[in-house]
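Here is the structure we will look at, set down as structure tokens.
Residue numbers (our numbering): 14 to 159.
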């Protein structure tokens, strides 16, 4: 199946409520794939058990967390890279800057070659409202979502 989308009615100029409203595509997931499922799928394609896969992924998560906190970029080969970015309030003089002006850090993922290729060849399918899985509080009652 292709990537699903719905049409959402929004102002054409964000921030201006009186601007003309237009329909825009908004991606919509068709489900969730969790770690136990992924571990089973990986185990089926390899010589290790799903428990081994989970153990390795747990260790990867722990090590990535530690290395990212040290300010390092974590490169995971063909999967891609993870890095931390920050922003802050601006000041007119360097001496006025304090670390409390730094906004919360963001984790950025840059996909590797295969995942970048996926973006280029991705196909789309329009999901009717009844096709959209109920995920708890989304757009079931919003008449502007088609």
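Here a beta-carbon is modelled for each residue, glycine too, at the ideal position from N, C-alpha and C.
query = Taking the Cβ atom as the reference point for each residue, do residue 34 and residue 22 lie within a distance shorter than 8 Å?
reply = Result yes, Cβ atoms of residue 34 and residue 22 sit closer than 8 Å.
query = Looking only at its own chain, which residues have a Cβ that is under 7 Å from the Cβ of residue 18, when we skip the five neighbours before and after it?
reply = Counting only residues of its own chain and dropping the five nearest sequence neighbours on each side, residue 18 has a CB closer than 7 Å to the CB of 38, 39, 40, 41, 137, 139, 140.
ask   = How many Å lie between residue 46 and residue 67 at the Cα?
value = Cα to Cα, the separation comes out at about 14 Å.
ask   = CA-CA distance, residue 112 and residue 122?
value = Spanning the two alpha carbons is a distance of roughly 25 Å.
request  = With DSSP collapsed to three states, give me the class of residue 60.
outcome  = Judged by DSSP in its simplified three-state form, residue 60 adopts coil rather than helix or strand.
message = Check this for me: beta carbons of residue 20 and residue 36, under 8 Å apart or not?
response = Yes, these two residues count as a Cβ contact at 8 Å.
inquiry  = Using a Cβ-Cβ cutoff of less than 7 Å, which residues in the same chain neighbour residue 64 once the five nearest sequence positions on both sides are dropped?
reply    = Annotation for residue 64: no residue places its beta carbon closer than 7 Å to its own, counting only its chain and skipping 5 residues before and after.
key: residue 38 in three-state terms, based on DSSP   = DSSP, read as helix, strand or coil, puts residue 38 in strand.
message = Is the beta carbon of residue 94 closer than 8 Å to that of residue 104?
response = Their beta carbons are not under 8 Å apart, which means residue 104 does not touch residue 94 by this criterion.
Limits of the unbroken beta strand (DSSP E) element including residue 21 = Boundaries of the beta strand (DSSP E) around residue 21: 16-24.
Of the residues 70, 26, 43, 118, the one placed nearest residue 97, counting alpha carbons only = Of the candidates 70, 26, 43, 118, 118 places its Cα closest to the Cα of residue 97.
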